[in-house]
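Okay, so here's the structure we're looking at.
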Amino acid sequence: MLREPGAADRAAFVELLASPEVHTYLGGPRPRAELERELPGTPERWPGSFVVDLDGEMIGQVLLRRTREHCCPVAVGKVDLGYLFLPRAWGLGYAAEACAAALDWLDCVLPGEPVVLNTQTANTGSMRLAAKLGFTEVERFRAWDAEQWLGLRPPLTPSV
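So in my numbering, the last spot in the sequence shown is 141, and the numbers never skip.
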């Protein structure tokens, strides 16, 4: 279900980044023509960047990346979980499954690493997903003209 991005995913990335529905709580979509011009033929690959694949087709993206800057000091230096899914994949459990798999991967490569997640409080689906994944509220703050929620998933205690 999780894999590296490839050239065949370019059209799905354009669709994902240009979708008004996907970007309702993310500051709005980017213009499709701009994306067609600027996105590379093969999406960038780096550890922690995953395509969510369903039957050979990209339905979303999960990202785990170190937070370098954040308006909440508690988030700086921690790994941030981000995700985007095409609307046709919403409400079917794919986001929970994919994010859990990405977090399992992180627990293997960086054991004991705390993870943060940031979402708008108005994004009830994302808030439910955060709770399901074990994130608990650290702080609420105002940014991008909306109330934001910062959650933390504490490091897993290694079993002995």
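Beta carbons are placed, not taken as given, at the ideal position from N, Cα and C, and that holds for glycine.
Report the CB separation of Ala127 from Ala103 in whole angstroms; it is logged as a contact under 8 Å.
6 Å
So within the segment 23 to 94, which uninterrupted beta strand (DSSP E) runs reach at least 3 residues, ignoring any that extend past its ends?
30 to 35, 38 to 47, 60 to 66
Please state whether DSSP places Glu161 in a helix, a strand or coil.
The chain is shown only over -18 to 141; residue 161 falls outside these bounds and no answer can be derived.
Coil, strand or helix - Val(-5) by DSSP:
helix
Which two residues bound the contiguous beta strand (DSSP E) that contains Gly132?
127 to 134
Below 8 Å, how does it come out for the segment 74 to 90 and the segment 6 to 18: are there three or more Cβ pairs, yes or no?
no
In terms of residues, what are the limits of the alpha helix (DSSP H) holding Ala110?
One detail in the question is off: residue 110 reads as Leu in this sequence, not Ala. Element bounds for Leu110: 105 to 113.
With DSSP collapsed to three states, give me the class of Arg(-16).
strand
Between Pro1, His4, Val97, which has its C-alpha nearest Val55's C-alpha?
Val97
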